[in-house]
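If you want this note's numbering, it's the position in the sequence shown, counting the first as 1, plus 116.
Scroll down for the structure; my scribbles are underneath it.
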Amino acid sequence: METSSIVDYRPQPAQPADTDQVGWGAVPRISPSPLPRTEDTEFPEDLTVVSTRQLRVLCNQTYRLLDRDFPPMEAVHHYEMLVEEIERREVQAEVRSAPVRTRSGFRDNSLFARFELFSDGTMVGHVKYEMKGAHAVLIQAVVDPRFDAVDVEPALIRQVLLNAHRRRIAVVPYCPRVREFLAEFPQYRALLPVDQRKRLEATIRAAGDA
117 METSSIVDYR
127 PQPAQPADTD
137 QVGWGAVPRI
147 SPSPLPRTED
157 TEFPEDLTVV
167 STRQLRVLCN
177 QTYRLLDRDF
187 PPMEAVHHYE
197 MLVEEIERRE
207 VQAEVRSAPV
217 RTRSGFRDNS
227 LFARFELFSD
237 GTMVGHVKYE
247 MKGAHAVLIQ
257 AVVDPRFDAV
267 DVEPALIRQV
277 LLNAHRRRIA
287 VVPYCPRVRE
297 FLAEFPQYRA
307 LLPVDQRKRL
317 EATIRAAGDA
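Written out as structure tokens, the structure reads:
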């Protein structure tokens with residue numbers, strides 16, 4: 117009697133398709149479509165009509181562009197515009213929700229490298245700076261022309277110097293307005309590096325002798 121061989125009908129595990137060699141009988145691997153990149157989408161011309169949620173999404177996408185080795189040239193400008201629009205809306209929201217507690221005070225805006233002074237939710241002035249090691253080089257003091265510089269400028273510079281004192285940061289007064297303030301208020305000159313303080317005091321003496 118002839119004996120028949122036993123056939124194993126148990127299902128065999130499917131073999132993964134070779135994604136490098138997809139033939140007629142192979143099933144190609146399907147991957148999700150990549151999300152659109154920020155540089156592939158058109159930057160909005162008018163940010164005031166964009167929702168706050170979308171602004172934050174664009175801000176995050178643009179920040180990722182800045183983190184690259186070779187970011188697009190317009191990325192920095194776009195990021196600054198987005199941050200300013202978000203901050204403007206935050207100030208407006210504070211005014212609407214608590215009009216008696218509108219934002220006033222001083223802050224270090226490290227994103228834009230400037231010390232800012234606010235009054236009733238409006239930035240009345242700022243001092244641009246650049247960090248050089250442990251020194252803050254004060255480059256330019258700017259006061260909003262809608263406000264009186266005689267009142268705003270001394271208050272702004274005083275806050276900058278007090279902030280540097282609290283943080284144990286030396287200041288280098290490249291800004292002429294800051295040097296004028298230090299000439300009038302010598303108690304703040306201790307914040308300058310020794311060589312800068314000697315140079316400033318020599319300039320003040322020479323101006324007094326002239």
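C-beta: ideal position from N, C-alpha, C; glycine also.
Could you tell me if T178 is buried or exposed, where buried requires 16 or more neighbouring beta carbons within 10 angstroms of its beta carbon? Against the sequence shown, residue 178 aligns to sequence position 62. Flag for T178 reads buried.
Cβ contact check for the segment 232-242 and the segment 269-278: 3 or more pairs under 8 Å: yes
Whole-number beta carbon distance between A191 and L198, since they are thought to touch under 8 Å: On the sequence shown, position 82 is the one that residue 198 refers to. On the sequence shown, position 75 is the one that residue 191 refers to. L198 to A191, Cβ: 10 Å. No contact.
Let me check understanding here. Comparing Cα to Cα, which of R262, H194, R169 and R172 lies closest to E158? For the purposes of this step, residue 158 is taken as the residue at position 42 of the sequence shown. Taking the Cα of E158 as reference, the smallest distance to any Cα among R262, H194, R169 and R172 is reached at H194.
Rounded to a whole number of angstroms, what is the C-alpha to C-alpha distance between E200 and P261? To locate residue 200, count along the sequence shown from 1; it is residue 84. To locate residue 261, count along the sequence shown from 1; it is residue 145. Separation of E200 and P261 (C-alpha to C-alpha, rounded to the nearest whole angstrom) is 19 Å.
Check for me: the alpha helix (DSSP H) holding D325 runs from which residue to which? As a first step, residue 325 must be located in the sequence shown, where it is residue number 209. Here the alpha helix (DSSP H) through D325 covers V310 to D325.
Taking C-alpha atoms, which residue in K244, R169 and T238 lies nearest to R204? Here residue 204 corresponds to residue number 88 of the sequence shown, with the count starting at 1. Comparing Cα positions, the closest option is T238.
Supposed close pair Q229, K248 - CB separation, criterion 8 Å: Counting from 1 along the sequence shown, the entry for residue 229 is found at position 113. Counting from 1 along the sequence shown, the entry for residue 248 is found at position 132. What sits at residue 229 in the sequence shown is Ala, not Gln. That pair is no contact at about 12 Å.
For V259, the nearest candidate out of G241, V310 and V294 (CA to CA): Within the sequence shown, the letter at position 143 stands for residue 259. Per the Cα distances, G241.
Residues sharing a beta bridge with P78, DSSP: Given a span of 117 to 326 for the chain in the structure shown, any question on residue 78 remains unanswerable.
Check whether the Cβ atoms of A257 and R295 lie closer than 8 Å to each other. The sequence position of residue 257 within the sequence shown is 141, counting from 1. The sequence position of residue 295 within the sequence shown is 179, counting from 1. The answer is no: Cβ separation not under 8 Å.
Would DSSP call D185 helix, strand or coil? Mapped onto the sequence shown, residue 185 falls at position 69. Looking at D185 - three-state DSSP - the assignment turns out to be coil, as it is neither helix nor strand.
When the Cα atoms are used, what is the spatial distance from V266 to P160? For this step, residue 266 is matched to residue 150 along the sequence shown. For this step, residue 160 is matched to residue 44 along the sequence shown. Rounded to the nearest angstrom, the two C-alpha atoms are 39 Å apart.
Is it the case that the Cβ atoms of H251 and P302 are separated by a distance below 8 Å? Walking along the sequence shown from the start, residue 251 turns up at place 135. Walking along the sequence shown from the start, residue 302 turns up at place 186. Going by C-beta atoms, H251 is not nearer than 8 Å to P302.
Specify the secondary structure class of R223 as computed by DSSP and reduced to three states. In the sequence shown, residue 223 corresponds to position 107, counting from 1. R223: strand per DSSP, three-state reduction.
I need the straight-line Cα distance from T164 to I255, nearest angstrom please. Here residue 164 refers to the residue found at position 48 when the sequence shown is read from its first residue. Here residue 255 refers to the residue found at position 139 when the sequence shown is read from its first residue. So the two alpha carbons sit approximately 31 Å from each other.
Just verifying my parser: in three-state terms, what is the DSSP assignment at V67? Because the chain here runs from 117 to 326, residue 67 falls outside it and cannot be looked at.
At the 8 Å Cβ level, is T178 part of the contact set with chain B, yes or no? Protein chains in the displayed structure number just one, and chain B is not present.
May I ask which residues mark the beginning and end of the alpha helix (DSSP H) holding R282? Along the sequence shown, one-based indexing puts residue 282 at 166. Taken as a continuous stretch (DSSP letters only), the alpha helix (DSSP H) holding R282 covers A265 to R282.
Excluding five sequence neighbours on each side, which residues of the same chain lie with their C-beta closer than 6 Å to the C-beta of V216? Within the sequence shown, numbered from 1, the residue matching residue 216 stands at position 100. Low per-residue confidence applies at V216: pLDDT is 38, beneath 50, and the placement is therefore not dependable, though the value from the model is reported in the following sentence. Excluding residues within five positions, none has a Cβ falling inside 6 Å.
With distance defined between alpha-carbon atoms, name the residue in F263, Y290 and R283 nearest to R223. What you label residue 223 is simply residue 107 of the sequence shown in a count that begins at 1. Out of F263, Y290 and R283, R283 has the C-alpha closest to the C-alpha of R223.
Cα-Cα separation between F297 and I202, rounded to whole angstroms: The residue you call residue 297 lines up with position 181 of the sequence shown. The residue you call residue 202 lines up with position 86 of the sequence shown. Those two C-alpha atoms are separated by around 34 Å.
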